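Read through the structure below, which is laid out as structure tokens, and then see the notes.
2 protein chains.
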Amino acid sequence: MKYKAATIKDIAQALHLSTSTVSRALRDSHEISAATKQLVLDHAAKLNYHPNPIALSLKEKKSGSIGVIVSEIANSFFSQTINGIESVANEKGYTVIISQSHESFEKEVRTLHYLASRSIDGLLISVSSATKDLTQLKALHQYGFPIVFFDRIVEDIATHKVMVDNFQGAYNATMHLLAEGYQRIACITNSAHLSITRERVAGYVAALEKHGISSHPSLIKYCFHGGMLLDEVTAAVNQLMKAKPRPDAIFTTSDKLTTGCMRALKKAGVAIPGEIALTGFSNSELIELLHAPITVVRQPAFEMGRVATELLLQLIESKRPVKDFDTRILQTELITAPEVPAKKKGRK
Amino acid sequence: MKYKAATIKDIAQALHLSTSTVSRALRDSHEISAATKQLVLDHAAKLNYHPNPIALSLKEKKSGSIGVIVSEIANSFFSQTINGIESVANEKGYTVIISQSHESFEKEVRTLHYLASRSIDGLLISVSSATKDLTQLKALHQYGFPIVFFDRIVEDIATHKVMVDNFQGAYNATMHLLAEGYQRIACITNSAHLSITRERVAGYVAALEKHGISSHPSLIKYCFHGGMLLDEVTAAVNQLMKAKPRPDAIFTTSDKLTTGCMRALKKAGVAIPGEIALTGFSNSELIELLHAPITVVRQPAFEMGRVATELLLQLIESKRPVKDFDTRILQTELITAPEVPAKKKGRK
DNA sequence: TTTATTTACGCAATCGTTCCCGGAAAAATC
DNA sequence: GATTTTTCCGGGAACGATTGCGTAAATAAA
């Protein structure tokens, strides 16, 4: 199916003009007479002419598109972030190309190569939970390629970064559980490679210590695949349920882990919050409809997307190499569950 | 921040060769000596050379990317569909450019123009609930531009289409409610413009008639914005709750409507399924975690994405104009709620 | 040795657009 | 009427890569 778009040359031939004249007429140059301009414009409209963006890109040495790599689109947090990214990008006339790593390092690297060779002008990335080797990213970065990290940061690479105050978010959530009287709080978290994992676990530990409770390594479960594999989460939950003094609460550090944990508990027949309380990071809009009303840490995902994109475009459009980089920290919000069963109150 | 990629010319100059020789060496042409090939390959690796896809696109007159327009990414059904689209596209070496209409006709038209002028090779689209004017789409189609419709079809335009058996899905869901003894079943559905609305409502009506129940227009509520506006759904629910003989069940025809309806019922303090039963289309993975276990119609979203993309690529890569078009109908699945409260059984 | 055939490479056009020059005709100035 | 200045437009290179064609040298066949 061949579909041939009209070119400047078509207009030129039809009107017995040169391509330069047509080009200038279309760009409303001052050195073209009003009569000729009108002629060209009319004919262009008749042919439904649109400048070929690919030819433009080739000349301008920029594609007008930015790449985004996230682990999963089917994740409230990321889809909200993408909405933020899209809103800024479209405002500025950029196209957004979204790719998913599905938490696989190999897929991430493939995607990275693919996007980079696809002539995108810059990259927004939240690394996969499996990412430990940074050579590819570093190479791209040292090459002068504009990259902005969001959510899951890579500390080693000097560029703009946007994230939430993970420590504080986790701290608040844990403090909330402690305030409700829970004492033995477990934590199910992501791959230990991730910046967000370290920070969120640190916040959790700090909250416990604030209450004079020392954190138990056996109560912190790392899920390498970040909740992508339900089995992994289920295993973590089951191990926790078998601990000698059973934990009375679980704090989860991501969307998939929160819902995965809930799924595992439901399957195991453990009542929330009757037998165990649950609190975690989540941007799902369905939280309030869940069978167990839980308190969640919500991230300003849309805002994060906006900020990251603004920084990236700034990087792309900067005339000279940018040397000092921003790290923007946004605040999370603790959305407390509408009603906490009375029996739980004043448990301490 | 200028980032200059190595070109074929750089290699040619460094090695005192012509660009043609370098190009042929890289493409492993038989008319280049093994020695020269090795030289070129080595130098290309050293410079981290990658062919400029934009230059290629200009020559080949194809961009190697396809556009996708959906109403919302943050919707389980669409994000699953996109995963299917991505899987096929990537297999075949195509890039996917995703855009959202947010159920706005204006945004859809803007996006359409934008994508079309962005040199995509083809388009996959599920039209917005607000789309009534088809001139833009028709123009593009008559122009010979490859388009495949999925989910929300446009009947007037002759091209490949992929959808589920909406009639049957709705019929099954309604029959399920009837089998459980519900008699007065309302329906909350999408904009009346949409193909899926007509078909699903027809399935609902047919099931009622099968049981000798005539459908009441007052029990069918059309939400123009397709659940994007919670207020609209809430209003519909509230009206239904005030009907003289109150309906004892609601059938919803889309993801957003199902959860929106549940939200409205919860706010109104109406118990599900105690006071009213709910069944509807939904691809959300959180359904089983909701406070009210409901039966849902699930669509093979991933599969739909795959099939639609295969058809589109077939259209794009076809040598001559395609004249006869496929309409693929996939089957839905009724996922019945795990346990239905006994009191509801044998209500009739 | 002469002719025919490979082998191995360079030249130049092409894709669609922009933009630097250069220049003819018209208009303005002296 | 002669010169200068505008006005308006065309020629051609450039962006990065591919490819048909031409051709020198090297090799094979006569």
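Line order of the protein sequences matches chains A and B. When the count follows the UniProt record's numbering, it moves up by one through the first sequence with no breaks and lands on 348 for the last residue. When the count follows the UniProt record's numbering, it moves up by one through the second sequence with no breaks and lands on 348 for the last residue. For every residue, glycine included, the Cβ atom is placed at its ideal position computed from N, Cα and C. From a predicted model like this one, the values you see are computed outputs, not experimental measurements.
| said: Suppose the cutoff is 7 Å on Cβ atoms and the five residues either side in sequence are ignored; what does the same chain contact list for B:L15 look like? | reply: In chain order, L39, V40, H43 place their CB closer than 7 Å to the CB of B:L15, counting only its own chain and leaving out the 5 sequence neighbours on each side.
| query | Which residues does DSSP pair with B:M163 in a beta bridge? | reply | B:I329.
| Is the beta carbon of A:C261 sitting closer than 9 Å to the one on A:I196? | No, they are not a contact pair.
| message | Which residue marks the beginning of the alpha helix (DSSP H) containing B:K221, and which one marks its end? | response | It is not in any alpha helix (DSSP H) - B:K221 instead sits in the beta strand (DSSP E) that spans 220-222.
| field | Endpoints, the alpha helix (DSSP H) within which B:R198 is located | value | It spans 195-210 - the alpha helix (DSSP H) in which B:R198 sits, taken as one unbroken run.
| field | Neighbourhood of B:I335 by C-beta, 6 Å cutoff - its chain only, sequence neighbours within 5 removed | value | Cβ neighbours of B:I335 beyond the five flanking positions: V296, R298.
| query | Along the chain, where does the alpha helix (DSSP H) that runs through B:G305 open and close? | reply | Here the alpha helix (DSSP H) through B:G305 covers 301-317.
| query | Of all the CB atoms in chain A, is at least one closer than 9 Å to the CB of B:T19? | reply | Taking CB atoms only, B:T19 has no neighbour in chain A less than 9 Å away.
| Say the cut is 8 Å; is the CB of A:K61 nearer than that to a heavy atom of the ligand SAM? | Ligands in the displayed structure: none, and consequently the ligand SAM is not present.
| field | Contacts around B:L123, its chain only, beta-carbon distance under 6 Å, and the 5 residues preceding and following it disregarded | value | Excluding five sequence positions before and after B:L123, the CB atoms of its chain that fall closer than 6 Å to its own CB belong to G67, I147, given in chain order.
| said: Between the alpha carbons of B:V22 and B:Y49, how many angstroms are there, rounded? | reply: Going from the Cα of B:V22 to the Cα of B:Y49 covers about 12 Å.
| Enumerated in chain order, which unbroken segments of the beta strand (DSSP E) with a length of 3 residues or greater are wholly contained in the stretch 44-78 of chain A? | Taken in chain order, the unbroken stretches of beta strand (DSSP E) that lie wholly in the stretch 44-78 of chain A and span 3 residues or more are 65-70.
| query | Just checking, does the stretch 202-209 of chain A make contact with the stretch 110-124 of chain A on the three C-beta pairs under 8 Å criterion? | reply | Fewer than three Cβ pairs drawn from the stretch 202-209 of chain A and the stretch 110-124 of chain A lie within less than 8 Å of each other, which leaves the two stretches out of contact.
| task | Measuring alpha carbon to alpha carbon, tell me which of A:F145, A:E106, A:T111 ends up nearest A:T131. | result | Ranking the options by Cα distance to A:T131, first place goes to A:E106.
| said: In this structure, how does DSSP classify A:F251 when only helix, strand and coil are distinguished? | reply: Residue state, collapsed to three classes: strand.
| field | Cβ pair B:N238, B:A271 closer than 9 Å | value | In this structure, B:A271 does not lie closer than 9 Å to B:N238 by Cβ.
| said: Residues of chain B with CB closer than 7 Å to the CB of A:H50, please, in chain order. | reply: Taking a Cβ-Cβ threshold of 7 Å, the residues of chain B close to A:H50 are S117, in chain order.
| message | Just verifying my parser: in three-state terms, what is the DSSP assignment at B:G169? | response | Secondary structure of B:G169 (DSSP, three-state): helix.
| field | Min CB distance B:M228 to chain A below 9 Å | value | It does not: the Cβ of B:M228 has no partner Cβ on chain A nearer than 9 Å.
| request: Look at the alpha carbon of A:T19 and the alpha carbon of A:K62, and state the distance between them as a whole number of angstroms. | output: In this structure, the CA atom of A:T19 is about 23 Å from the CA atom of A:K62.
| Who are the near neighbours of A:A287 in its chain, counting only those whose CB is closer than 6 Å to its CB and skipping five residues on each side? | Note on identity: in this sequence residue 287 of chain A is Ile, with Ala being the wrong assignment. Setting aside the 5 residues that flank it on each side, A:I287 is surrounded in the same chain by V296, each with a C-beta closer than 6 Å to its C-beta; the list follows chain order.
| What residues in its chain sit with their C-beta under 6 Å from that of B:L112, if we drop five residues either side in the sequence? | Q136, listed in sequence order.
| chain B beta carbons: is any one of them nearer than 9 Å to that of A:N190? | Output row for A:N190: interface = no.
| said: With a threshold of 9 Å between beta-carbons, can A:S104 be considered close to chain B, or not? | reply: Chain B contact via Cβ: absent.
| Rounded to the nearest angstrom, how far is the Cβ of B:D165 from that of B:T332, given a contact under 8 Å? | About 6 Å separates the two Cβ atoms, so the contact holds.
| Less than 9 Å separating the beta-carbons of B:L290 and B:I250? | No, Cβ-Cβ distance for B:L290 and B:I250 is not below 9 Å.
| Residues of its chain near B:A292, where Cβ-Cβ distance is below 6 Å and the 5 sequence neighbours each way are ignored | Cβ within range, chain order: I272.
| Counting only beta-carbon atoms, is B:E31 nearer than 9 Å to chain A? | Not an interface residue.
| request: Please name the residue in B:P53, B:I82, B:S71 whose C-alpha comes closest to that of B:G305. | output: Minimum Cα-Cα distance from B:G305 among the listed residues B:P53, B:I82, B:S71 corresponds to B:I82.
| request: Compare the C-beta of B:H291 against all C-beta atoms of chain A and say whether one is closer than 9 Å. | output: So, interface residue.
| query | For A:S71 and chain B, any beta-carbon pair shorter than 9 Å? | reply | So no, A:S71 is outside the interface.
| query | Taking the C-alpha atoms as reference points, what is the distance between B:S129 and B:K256? | reply | In this model, B:S129 and B:K256 are separated by some 12 Å (Cα to Cα).
| task | Spatial neighbours of residue 349 of chain B within its chain, please: CB distance less than 8 Å, with the 5 preceding and 5 following residues excluded, ordered by chain position. | result | Coverage of chain B is limited to positions 1 through 348, which leaves residue 349 of chain B absent and any answer about it impossible.
| Nearest to A:G227 by alpha carbon, out of A:H102, A:R24, A:F149? | Looking at A:H102, A:R24, A:F149, the one whose alpha-carbon comes closest to that of A:G227 is A:H102.
| List, in order along the chain, the chain B residues whose C-beta lies closer than 7 Å to that of residue 380 of chain A? | Nothing about residue 380 of chain A can be reported from this structure: the residues present for chain A run from 1 to 348 only.
| query | For the putative contact between A:F281 and A:G169, defined by C-beta atoms under 8 Å, what is the C-beta separation to the nearest angstrom? | reply | Distance from A:F281 to A:G169 at the Cβ level is roughly 7 Å; contact confirmed, criterion being Cβ atoms closer than 8 Å.
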